[in-house]
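Visitor: Counting in the working numbering, the sequence shown runs from 108 upward without gaps. We put the beta carbon where it would ideally sit given N, CA and C, even for glycine.
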Amino acid sequence: MRSSATSILRVAGLWSRDDSSDILASMALDVLSLLNKTGALLQGHFRLSSGLHSPNYVQCALLLQQPRNAKALGEALANRIKTMRGEKVVAPALGGLVIGYVVAEALDVPMVFTERKDGEMTLRRGFRIAQGERVVIVEDVVTTGKSTRETAKVIASHGGLVFGFASILNRSGKANPFDAPYESLLEMALETWEESDCPLCRSGVEIHSPGSRYSAKSA
Ligand SMILES: [Zn+2]
Numbered sequence: 108m109r110s111s112a113t114s115i116l117r118v119a120g121l122w123s124r125d126d127s128s129d130i131l132a133s134m135a136l137d138v139l140s141l142l143n144k145t146g147a148l149l150q151g152h153f154r155l156s157s158g159l160h161s162p163n164y165v166q167c168a169l170l171l172q173q174p175r176n177a178k179a180l181g182e183a184l185a186n187r188i189k190t191m192r193g194e195k196v197v198a199p200a201l202g203g204l205v206i207g208y209v210v211a212e213a214l215d216v217p218m219v220f221t222e223r224k225d226g227e228m229t230l231r232r233g234f235r236i237a238q239g240e241r242v243v244i245v246e247d248v249v250t251t252g253k254s255t256r257e258t259a260k261v262i263a264s265h266g267g268l269v270f271g272f273a274s275i276l277n278r279s280g281k282a283n284p285f286d287a288p289y290e291s292l293l294e295m296a297l298e299t300w301e302e303s304d305c306p307l308c309r310s311g312v313e314i315h316s317p318g319s320r321y322s323a324k325s326a
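As structure tokens, then:
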């Protein structure tokens, strides 16, 4: 019994020391440091989903690629939204899929997702929202909150009740851009310009369009 306890501790110790992208090392969830360690915080010239230009972009797919990290982020976010008493997590695809799933796992509730069809946010694949069902919407990043609000409309159109919103990052510049409770793990200011005012465009810096909404449109 003593030896098995010791080996569990040793495994935990190895985890912490040997994996540079392992947030368990600090035993506290430092999202900013994890963004940097996983290479998710990109610098350059980006066209965001909103069409605005920015000198940085957070690629949450990189933040979430290690399941252990995704699980820890999901548990942290789930802790923040427990009091919203959601019976179901709804996440907009693609960005919300991984974090929505791990939050739902931590809350032990079902998770379904909305997705765009011909530009319209929809609930497909046989997913159902019951009349009066209490829903929490989970996203990776909230900037304008457009996808999130569209998802809320889909839920309402099915008779569901949106009890709250949650995301890993809040880049909206507001404490709460929604009309129901909202929690995030990290607020991070977002520097943006209209294309006509963008200094990086003027300097001829190559632009990237990493957001899924924009990619879908341009594809
Ligand atoms: Zn630009």
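1) Can you look up Asn-163 in the DSSP assignment and give me helix, strand or coil?
2) Could you spell out where the alpha helix (DSSP H) holding Ser-258 opens and where it closes?
3) Quick check on the DSSP output: the alpha helix (DSSP H) that includes Ser-140 runs from which residue to which?
4) Could you tell me the alpha carbon to alpha carbon distance between Ser-123 and Asp-225, rounded to whole angstroms?
5) I want to check one thing, is the minimum distance from the CB of His-315 to the heavy atoms of ligand 1 below 7 Å?
6) Taking all protein chains shown into account, decide if Ser-274 is buried (16 or more other Cβ within 10 angstroms of its Cβ) or exposed.
7) Can you say whether His-152 is buried or exposed, counting buried as having 16 or more other CB atoms within 10 angstroms of its CB?
8) Given this structure, state the Cα-to-Cα distance separating Pro-162 from Trp-300, to the nearest angstrom.
9) With a threshold of 8 Å on Cβ separation, who are the neighbours of Met-295 within its own chain once the five nearest residues in sequence on each side are excluded?
10) With respect to 7 Å, is the separation between the Cβ of Glu-302 and the closest non-hydrogen atom of ligand 1 below this value?
11) Is Leu-149 near ligand 1, judged by its Cβ being under 7 Å from some heavy atom?
12) Tell me whether the beta-carbon of Leu-171 lies closer than 8 Å to the beta-carbon of Val-205.
Guide: In this structure, then:
1) In this structure, Asn-163 counts as strand in the three-state DSSP scheme.
2) Strictly speaking, residue 258 in this sequence is Thr, with Ser absent from that position. Counted as a single uninterrupted DSSP element, the alpha helix (DSSP H) harbouring Thr-258 occupies residues 253 to 264.
3) From DSSP, the alpha helix (DSSP H) with Ser-140 extends over 138 to 144.
4) For Ser-123, the predicted model reports a pLDDT of 38, less than 50, meaning its position is unreliable and no value from the coordinates is stated.
5) Between ligand 1 and the CB of His-315, the shortest heavy atom gap is not smaller than 7 Å.
6) Result: buried.
7) Burial state of His-152 is buried, judged by a 10 Å Cβ sphere holding 16 or more other Cβ atoms.
8) Using only the alpha carbons, I get a separation of about 9 Å.
9) Counting only Cβ-Cβ distances below 8 Å, and skipping sequence neighbours, we find Leu-139, Val-165, Leu-276, Asn-277 and Arg-278.
10) Result yes, Cβ under 7 Å from ligand 1.
11) No.
12) By the CB criterion at 8 Å, Leu-171 and Val-205 fall inside the cutoff.
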